[in-house]
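Trainee: Mind having a look at this structure? Questions to follow.
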Amino acid sequence: MSFVKFKDVIEDGDTVIVKYAQHSSFVVVEKGKDFHNKHGRFLFDDMIGKPFGSRIYASDRGSLRSYIYAMHPTPEYWTEVLPHRTQIIYASDISMVTFMLDLKPGSVVLETGTGSGSLSHAIARTIAPTGHLHTFDFHAERVEKAKAEFASHGLSDVITVKQADATRDGFGVDGLCDAVFLDLPSPHLALPFADKALKSTGGRLCSFSPCIEQVQRTCDLLRDMKYTDILTIEVLERKLEAKPTTMPECPLTSTAPPKAGKRKAGESSGASKRDKRGSSIDDTSALSFTSTNHVAEQKGHTGFLTFATKPHALLLQSPAEDDDEGDEGDEGRKNE
Ligand SMILES: C[S@@+](CC[C@H](N)C(=O)[O-])C[C@H]1O[C@@H](n2cnc3c(N)ncnc32)[C@H](O)[C@@H]1O
Numbered sequence: 070m071s072f073v074k075f076k077d078v079i080e081d082g083d084t085v086i087v088k089y090a091q092h093s094s095f096v097v098v099e100k101g102k103d104f105h106n107k108h109g110r111f112l113f114d115d116m117i118g119k120p121f122g123s124r125i126y127a128s129d130r131g132s133l134r135s136y137i138y139a140m141h142p143t144p145e146y147w148t149e150v151l152p153h154r155t156q157i158i159y160a161s162d163i164s165m166v167t168f169m170l171d172l173k174p175g176s177v178v179l180e181t182g183t184g185s186g187s188l189s190h191a192i193a194r195t196i197a198p199t200g201h202l203h204t205f206d207f208h209a210e211r212v213e214k215a216k217a218e219f220a221s222h223g224l225s226d227v228i229t230v231k232q233a234d235a236t237r238d239g240f241g242v243d244g245l246c247d248a249v250f251l252d253l254p255s256p257h258l259a260l261p262f263a264d265k266a267l268k269s270t271g272g273r274l275c276s277f278s279p280c281i282e283q284v285q286r287t288c289d290l291l292r293d294m295k296y297t298d299i300l301t302i303e304v305l306e307r308k309l310e311a312k313p314t315t316m317p318e319c320p321l322t323s324t325a326p327p328k329a330g331k332r333k334a335g336e337s338s339g340a341s342k343r344d345k346r347g348s349s350i351d352d353t354s355a356l357s358f359t360s361t362n363h364v365a366e367q368k369g370h371t372g373f374l375t376f377a378t379k380p381h382a383l384l385l386q387s388p389a390e391d392d393d394e395g396d397e398g399d400e401g402r403k404n405e
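In my numbering, the protein residues as written are 70 to 405.
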């Protein structure tokens, strides 16, 4: 199977995203075997041959009919369920990175460190089938695990993963890349190698850092290297939830207590109720509607994303060099 080419039907050996209520996990389908979660025991044989997206019922809950949904993997789902070997980049940062690095099918990208491969999967899906991701990590075991994962997710044609110290070794892809992404403790030490990896015609760079001190060092060096459009962003997600709400109708023209009014669609009837503070709510004049509020617990700071543009090599030539060229040009014409 491939995370970047969708197929319809679940087969033996496929990675399947298991969705139930607000939770997700993943399984690798094994003919004749089963898996368990709090909703029951599920047989892989009940999945094989079914379309992705099917409901699969627990085999041991009788009339309770507990079920899960068996979904095709996507980079978004994978980020939710992947085995964490490191801290990872999450969906809201990934979407900003993909957009701001101008990634598209055919892009050649350098990433370091690979970590748990969360971002690598998303980059691969965006640049496939003609682009390529060169991803590096200095941790041998993480490199081997990532290599095996990319192979089993059908990404070997799009991703090459190698072991290298980004602050010492360089990457061996000089002048080949359209974009670079750094997620390292000392990104400023990797910048000279990252710069070499970008094409001489220019490219985009992003560095992810949890601490502002790392951002400052990175920005200082980017300015020294004559990078342009230097911009640091923090992406904060603010989710809304919709829920049914009931409120007493407020009489605007009199100070008298609310009268019984016509009930609107969806209003309940019956005896008087009490609100959260214990005051009586005249149920006959209460309004029922759906309200939206920000979810109380939200994901907070993950890191700062610093973006910059490497200019075309011609734009970095000093005015003196330009003058020299001009003179040579004149000479050339004189000699003709
Ligand atoms: C936070 S993780 C990257 C997570 C990754 N972006 C993801 O979404 O899964 C940082 C990785 O950088 C690697 N690393 C740290 N310093 C490095 C260096 N100098 N050269 C190469 N890799 C390095 C670590 O081994 C670790 O796997």
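Quick reminder that beta carbons are idealized off the backbone N, C-alpha and C, glycines included.
1) By Cβ distance below 8 Å, which residues in the same chain neighbour Lys308 in space, the five residues on each side in sequence not counted?
2) Measuring only from the beta carbon, is His222 closer than 7 Å to any heavy atom that is part of ligand 1?
3) With burial defined as no fewer than 16 other Cβ atoms inside 10 Å of the residue's Cβ, what is the status of Lys216: buried or exposed?
4) Taking the alpha carbon of Val242 as the reference point, which residue from Thr195, Leu253, Leu179, Leu258 has its own alpha carbon closest?
5) Using 10 angstroms around the beta-carbon of Lys74, count the other beta-carbons present and answer buried if the total reaches 16, otherwise exposed.
6) Between the C-alpha atoms of Gly122 and Ala191, what's the straight-line distance to the nearest angstrom?
7) Over the uninterrupted beta strand (DSSP E) stretch that includes Thr478, give me the two end residues.
8) Would you please state the rounded distance, in angstroms, between the beta carbons of Met165 and Leu374? I believe it to be under 8 Å.
9) Can we count His208 as close to ligand 1, meaning its CB is less than 7 Å from some heavy atom?
10) Return yes when at least one heavy atom of ligand 3 lies under 7 Å from the C-beta of Thr155, else no.
11) Under 8 Å by Cβ, that's how I've got Leu305 and Ser276 pegged, so tell me the actual separation to the nearest angstrom.
12) Got a sec? Which residues, its chain only, sit under 6 Å from Glu336 by beta carbon, not counting five neighbours each side?
13) For Ser123, list the residues DSSP reports as bridge partners.
14) Mind checking Lys379: buried by the 16 CB within 10 Å criterion, or exposed?
15) Say whether the segment 192 to 202 touches the segment 226 to 234, bearing in mind that this needs 3 or more beta-carbon pairs closer than 8 Å, one atom from each stretch.
16) Tell me the DSSP secondary structure of Arg110 in three-state form.
17) I'd like the list of long-range same chain contacts for Tyr89, defined as Cβ closer than 6 Å, with 5 residues on each side in sequence excluded.
18) Going along the chain, which residues of its own chain have a beta-carbon closer than 7 Å to the beta-carbon of Val177, five neighbours each way excluded?
19) Counting C-beta neighbours from all protein chains within 10 Å, is the total for Gln91 16 or more, i.e. buried, or is it exposed?
20) Any heavy atom of ligand 1 closer than 7 Å to the beta-carbon of Thr181?
21) Can you grab the Cα-Cα spacing for the pair Ile117 / Val96, in whole Å?
22) For Ser357, does the three-state DSSP call read helix, strand or coil?
23) I need the straight-line Cα distance from Glu400 to Gly271, nearest angstrom please.
24) What separation, rounded to the nearest whole angstrom, lies between the Cα atoms of Glu397 and Thr183?
25) Taking 8 Å as the limit between beta carbons, can you name the residues of its chain near Lys295, skipping five residues before and five after?
26) Which term fits Ala263, buried or exposed, when burial requires 16 or more other beta carbons within 10 angstroms of its beta carbon?
27) Distance, Cα to Cα, Ala235 vs Thr204?
28) Measuring from the CB of Phe240, is there a heavy atom of ligand 1 at a distance below 7 Å?
29) Restricting to Cα atoms, I'd like to know which of Leu274, Thr359, Arg211 is closest to Thr315.
30) Taking the alpha-carbon of Gln232 as reference, which of Gly223, Gln156, Glu210 has the nearest alpha-carbon?
31) State the start and end residues of the unbroken beta strand (DSSP E) segment that holds Gln156.
32) Would you say Ser164 touches ligand 1, meaning its beta carbon is less than 7 Å from a heavy atom?
33) Rounded C-beta distance between Pro256 and Thr287? I'm assuming under 8 Å.
34) Taking 7 Å as the cut-off, does the CB of Phe262 come closer than this to any heavy atom belonging to ligand 1?
35) Would you check whether ligand 1 has a heavy atom nearer than 7 Å to the C-beta of Ser185?
Mentor: Let me spell this out:
1) Taking Lys308 as the centre and dropping the five residues before and after it, the same chain places the C-beta of His363, Val364, Gln367 closer than 8 Å to its C-beta, in chain order.
2) Not so, every heavy atom of ligand 1 lies at least 7 Å from the Cβ.
3) Taking all protein chains in view, the Cβ of Lys216 is crowded by 16 or more other Cβ atoms within 10 Å, so the residue is classified as buried.
4) Restricting attention to Thr195, Leu253, Leu179, Leu258, the CA atom closest to the CA of Val242 is found in Leu179.
5) The residue is exposed, with fewer than 16 neighbouring Cβ atoms inside 10 Å.
6) One Cα belongs to Gly122, the other to Ala191, and the distance between them is close to 21 Å.
7) There is simply no residue 478 to check, as the chain begins at 70 and stops at 405 in what is shown.
8) Yes, they are in contact, since the Cβ atoms of Met165 and Leu374 sit about 6 Å apart, within 8 Å.
9) For His208, the shortest separation between its Cβ and any heavy atom of ligand 1 lies below 7 Å.
10) Ligand 3 is not among the ligands present in this structure, which contains only ligand 1.
11) In fact, because the Cβ distance is near 19 Å, the residues do not count as touching under 8 Å.
12) A caution first: Glu336 carries a pLDDT of 49, below 50, which makes its placement in the model too unreliable to give a value.
13) According to DSSP, Ser123 bridges with Ala139.
14) So Lys379 counts as buried.
15) When C-beta atoms of the segment 192 to 202 are compared with those of the segment 226 to 234, three or more pairs fall below 8 Å, so the two segments count as touching.
16) Arg110: strand per DSSP, three-state reduction.
17) His108, Ile137.
18) Here Val177 has Gly200, His201, Leu245, Cys246, Asp247 as same chain residues with Cβ atoms under 7 Å from its own Cβ, once five neighbours each way along the sequence are excluded.
19) So Gln91 ends up on the exposed side.
20) Thr181 Cβ: within cutoff of ligand 1.
21) For Ile117 and Val96, the distance between alpha carbons rounds to 13 Å.
22) In the three-state DSSP reduction, Ser357 falls in the strand class (E or B).
23) Any answer about Glu400 is weak, because its pLDDT of 42 lies below 50 and its placement is not dependable; what the coordinates show is given next. Cα to Cα, Glu400 sits roughly 30 Å from Gly271.
24) Confidence is the limiting factor: at Glu397 the pLDDT is only 45, short of 50, which leaves the residue's position unreliable, though a coordinate-based value still follows. Between Glu397 and Thr183, the alpha-carbon positions lie close to 47 Å from each other.
25) Excluding residues within five positions, the ones whose Cβ falls inside 8 Å are Pro380, Leu385.
26) By the neighbour-count rule (16 or more Cβ atoms within 10 Å), Ala263 is buried.
27) Going from the Cα of Ala235 to the Cα of Thr204 covers about 10 Å.
28) No, since every heavy atom of ligand 1 falls outside the 7 Å radius drawn around the Cβ of Phe240.
29) Minimum Cα-Cα distance from Thr315 among the listed residues Leu274, Thr359, Arg211 corresponds to Thr359.
30) Ranking Gly223, Gln156, Glu210 by Cα distance to Gln232 puts Glu210 first.
31) From DSSP, Gln156 is part of no beta strand (DSSP E); its letter is neither H nor E.
32) No, the beta carbon of Ser164 sits no closer than 7 Å to any heavy atom of ligand 1.
33) That belief holds up - the Cβ atoms of Pro256 and Thr287 are roughly 5 Å apart, short of 8 Å.
34) Phe262: no, Cβ never under 7 Å from ligand 1.
35) Between ligand 1 and Ser185, a heavy atom-to-CB distance of less than 7 Å is present.
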